[in-house]
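Each residue of the sequence shown is one higher than the one before, counting from 106 in the working numbering.
Even glycine gets a Cβ: it sits at the ideal position worked out from N, Cα and C.
Below is one structure, written out as structure tokens; comments come after it.
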Amino acid sequence: MAGLQGFLRSMDFDVFKAKLHQVLDFFKPEVQAETRVKLDLAAGNAALLIIDVQKEFADPAQGRGNTETRNVTKRINSLIPAFRAAGMPAYVVYFSDYEKNPQDIDFYMFRPMPQDKLIAKDEDSAFKGSNIKQILKGDKRKTLLACGFNLNACVFKTVMDARDNGFEVILLQDLTGNDNDNDRSKTADQIAKMKKRGVKFVNSIDLLENIGDFKKDAPLPPSRRLAPPKPPGQ
């Protein structure tokens with residue numbers, strides 16, 4: 106106790122008050138919701154939405170790409186397989202005036218798997234430039250885990266339209282970024298608009314910590330299993 110009193114005496118009161126408010130603010134419900142999002146991803150309802158991971162937007166050699174887009178693409182390549190392994194389907198959106206064969210799409214360091222659904226779009230928003238709404242509704246998808254490029258353009262417009270169309274949206278913030286053609290001064294404002302519309306922001310690593318919950322037929326951990334019924338007469 107004496108040590109604590111000495112510490113408080115040595116600290117400027119205004120500094121102490123500011124630090125106390127920081128601690129109290131952290132435990133506000135709205136801050137906790139942003140810090141660690143509680144996700145309820147019912148089996149079969151959630152899907153990955155991978156947006157425009159293409160050379161035009163992400164490859165530094167093409168002019169628009171940069172270190173950020175290259176590093177984000179590397180993370181997408183390293184982490185998306187874990188989501189697939191958990192049984193979560195991937196809807197891969199690419200910017201094009203027409204549908205292409207997979208080998209003809211200019212993906213950057215990314216290769217879709219045969220089970221992925223490829224969707225061509227000809228506008229920034231996949232919901233305006235393709236029939237993705239009908240595809241997702243037909244597959245009974247309700248929650249979208251979005252990632253890709255560009256945060257301030259195609260990702261922003263797609264997730265905002267997804268919310269307008271009744272989908273829950275979780276933005277994997279470590280798996281999205283901006284190329285050189287996008288004004289980064291708008292990023293904070295775009296993020297605020299998405300949050301206001303109900304888009305949740307999480308890091309993919311945090312989501313993957315609970316990846317067992319995504320598995321459709323995953324066995325329950327012992328703590329969640331019901332005890333076996335007792336034999337009659339006991």
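Asked	Found
Reduced DSSP category for ILE155 - H, G, I as helix; E, B as strand; rest coil	strand
Cβ shell of ASP266 (< 6 Å), same chain only, five flanking positions each side left out	SER230, PHE232
Separation of ILE185 from ASP311, as counted between CA atoms	13 Å
Cβ distance (whole Å) where LYS179 is taken to contact MET218 below 8 Å	Actually they do not touch by this definition, with Cβ atoms about 18 Å apart.
PHE162, enclosing alpha helix (DSSP H) - first and last residue	160–163
Residue burial classification, GLY170 (beta-carbon count within 10 angstroms, cutoff 16)	buried
Beta-carbon proximity list for VAL158, same chain, < 7 Å, skipping 5 on both sides	THR178, ILE181, PHE212, TYR213, PHE215, GLY253, PHE254
Closest Cα partner of ARG175 within the set GLY168, SER183, ASP164	ASP164
Under the three-state DSSP convention, the category LYS305 falls into	strand
Continuous beta strand (DSSP E) stretch holding ILE275: start and end	273–282
Cβ contact check for the segment 257–264 and the segment 284–295: 3 or more pairs under 8 Å	yes
Which of helix, strand or coil DSSP assigns to PHE215	coil
Cβ pair count under 8 Å reaching 3, the segment 185–203 against the segment 234–246	yes
Option in LYS298, SER183, ALA191, GLN295 with minimal Cα separation from ALA152	ALA191
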